[in-house]
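When we follow the working numbering, the leftmost residue of the sequence shown carries the number -8, and every step to the right adds one. Structure first, then comments.
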Amino acid sequence: MPLPKAELHLHIEGTLEPELAFELAGRNGVPLPYAGTDALREAYRFTDLQSFLNLYYELMAVLRTEQDFADLADAYLARAAAQGVRHAEIFFDPQAHLARGVGMDTVVEGLWRALGRSEEKHGVSTRLIMCFLRDETAESAMRTLRAAQPYLGRITGVGLDSAETGHPPAKFREVYEAATALGLRRVAHAGEEGPPEYITEALDVLGVERVDHGLRCTEDPELVERLVRDRVPLTLCPLSNVRLRTVDALADHPLPAMLDAGLMCTVNSDDPAYFGGYAGDNFDAVRDTLGLSEERLRDLARNSFHAAFLDDDEERRAR
Ligand code: ES4
Ligand code: ZN
């Protein structure tokens, strides 16, 4: 039995496996410039975040209908459940779809078709977190927030993703203020490729309750002290860091040192179809390669439920 855990850092578009990409491409008549699934997998040799994002946005072209989004989410939830995920907080990137002429209604209704049945079908409770693309303008993010307003009953929070360098969190101050006023929870990617200052800014300017990645906090001892003191959860993604070369090798990942420092770490999969593994695969990898004890793994699983946007009753039931 895999360890029960919550997944807190998961881009639904990053769960698009090559087989489903080709199936949807066929169904929708969308040409893909790859001979087949093997040739597509061959393209998964990333050198950094941007080289991954280029393929990630390209492949989204196959997602066109509500049923496509439902099939995508249902396939993820089945895989997650098989690896012990009991609760999943799922990111989606509406701007990437709106830009292709796919409406907010298609995306949210489609995802909901799968999420609404997930507890019953997969035993996985869910939340949706709408991410803003930080390499787009703040005005575009604000328009996206307005477009999502009819769906706020289904959206728990907002996040910030895509190319980090040169796009500091403060660019989105007003958008996060507006999201807060609408009762939305707040997270942001920070310190993945960007400097530790972006983590501080995400906390101080955006008021985030969790930091996605947060890996580079280790470069700033005062920031580490603050994150420990305030028990700010970090949603680490070890296999993602290796594939995007944010760390040289999994054996060099700072997770053990971060746990030793008292940081509230969680382990997640980010874009599992692209980075070689779902949540349980990430747990297995850190156990096998970093030598984390069973007790440490249980701490990570406990942290994941603690850091989730669940109320106390829901948290008890999920674990
Ligand atoms: C992402 Cl790994 C990562 N970083 C930033 N933005 C993203 N969107 C999807 N995956
Ligand atoms: Zn991410």
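Positions of the beta carbon are idealized from the N, C-alpha and C atoms, including for glycine.
Does the beta carbon of Met51 come closer than 8 Å to any beta carbon on chain D? Going by chain labels, chain D is absent from the structure shown, which holds only one protein chain.
With DSSP as the reference, label Phe123 as helix, strand or coil. Looking at Phe123 - three-state DSSP - the assignment turns out to be strand.
On the criterion of 16 or more Cβ atoms from any shown chain inside 10 Å, does Gly20 qualify as buried, or is it exposed? Counting the other Cβ atoms within 10 Å of the Cβ of Gly20 gives fewer than 16, which makes it exposed.
Are the Cβ atoms of Ala12 and Leu23 separated by less than 8 Å? A contact, by the Cβ cut-off of 8 Å.
Touch check for the stretch 255 to 273 and the stretch 215 to 228: three-plus C-beta pairs under 8 Å? These segments touch.
At a threshold of 7 Å, does His180 count as lining ligand 2 (C-beta to nearest heavy atom)? Correct: His180 has its Cβ closer than 7 Å to ligand 2.
Counting pairs of Cβ atoms below 8 Å between the stretch 24 to 36 and the stretch 57 to 65, do you hit three or more? Judged by pairs of C-beta atoms under 8 Å, the stretch 24 to 36 does not touch the stretch 57 to 65, as fewer than three such pairs exist.
Rounded straight-line distance, which links the Cα of Ala276 to that of Asp243: Answer to the nearest angstrom: the Cα atoms are 12 Å apart.
The stretch 266 to 283 contacting the stretch 93 to 102, beta-carbon criterion three pairs below 8 Å: No, the stretch 266 to 283 is not in contact with the stretch 93 to 102.
C-alpha distance - Val313 paired with Arg177, whole-angstrom precision: Here the chain covers residues -8 to 310 and nothing more, so residue 313 does not appear.
In chain order, what residues have a CB nearer than 6 Å to some heavy atom of ligand 1? Cβ-based neighbours of ligand 1 within the cut-off: His2, Gly5, Leu40, Tyr47, Asp152, Ser153, His180, Glu183, Ser231, Asp261 and Asp262.
Going by DSSP in three states, Leu225 sits in which element: helix, strand or coil? If DSSP states are grouped into helix, strand and coil, Leu225 belongs with the strands.
Would you say the beta carbon of Asp251 comes nearer than 7 Å to a heavy atom of ligand 2? No.
Gly150 by DSSP, collapsed to three states: which one? In the structure shown, Gly150 falls within a strand segment according to DSSP collapsed to helix, strand and coil.
From Arg145 to Met51, what does the alpha carbon distance come to, in whole angstroms? Taking the straight line from one Cα to the other gives about 22 Å.
Answer with buried or exposed for Pro141, where buried requires no fewer than 16 other C-beta atoms within 10 angstroms of its C-beta. It is exposed - the Cβ of Pro141 has fewer than 16 other Cβ atoms within 10 Å.
For Glu57, report the span of its alpha helix (DSSP H) as first-last. Taken as a continuous stretch (DSSP letters only), the alpha helix (DSSP H) holding Glu57 covers Glu57 to Ala73.
So is the beta-carbon of His244 under 7 Å away from any non-hydrogen atom of ligand 2? For His244, the shortest C-beta to heavy atom distance toward ligand 2 is 7 Å or greater.
Can you tell me where the alpha helix (DSSP H) with Arg137 in it begins and where it stops? Element bounds for Arg137: Ala129 to Ala139.
Provide the residue span of the beta strand (DSSP E) that contains Ile81, from first to last. Unbroken beta strand (DSSP E) run through Ile81: Val76 to Phe83.
Could you tell me whether any non-hydrogen atom of ligand 2 is closer than 7 Å to the CB of Asp203? Yes; taking the cut-off as 7 Å, the Cβ of Asp203 has a heavy atom of ligand 2 nearer than that.
What residues in its chain sit with their C-beta under 8 Å from that of Ala132, if we drop five residues either side in the sequence? Closer than 8 Å at the Cβ level, and outside the excluded window around Ala132, lie Gln86, Phe123, Leu124, Phe163 and Val166.
For His297, three-class secondary structure by DSSP: Of the three classes helix, strand and coil, the one that applies to His297 here is helix, per DSSP.
Does the distance from the C-beta atom of Arg118 to that of Glu80 stay below 8 Å? Their beta carbons are under 8 Å apart, which means Arg118 touches Glu80 by this criterion.
Specify, as a first and last residue, the run of the beta strand (DSSP E) that Thr28 falls within. Per DSSP, Thr28 belongs to no beta strand (DSSP E); it is in the alpha helix (DSSP H), Thr28 to Glu33.
Enumerate, from N- to C-terminal direction, the unbroken beta strand (DSSP E) stretches of 3 or more residues contained entirely within the stretch 173 to 250. Within the stretch 173 to 250, the complete beta strand (DSSP E) segments at least 3 residues long are 176 to 181, 201 to 204 and 224 to 227, listed from N- to C-terminus.
Cα-Cα separation between Asp195 and Glu216, rounded to whole angstroms: Their Cα atoms are separated by approximately 15 Å.
Top-ranked residue by Cα proximity to Asp44, from Leu291, Val115, Val76 and Arg234: According to the sequence shown, residue 44 is Leu rather than Asp. The shortest Cα separation from Leu44 among Leu291, Val115, Val76 and Arg234 belongs to Arg234.
So, helix, strand or coil for Ala252, using DSSP? Reduced to three states, the DSSP call for Ala252 is coil.
Checking 8 Å against the spacing of the C-beta atoms, do Ser116 and Arg77 come in under that value? Contact: yes.
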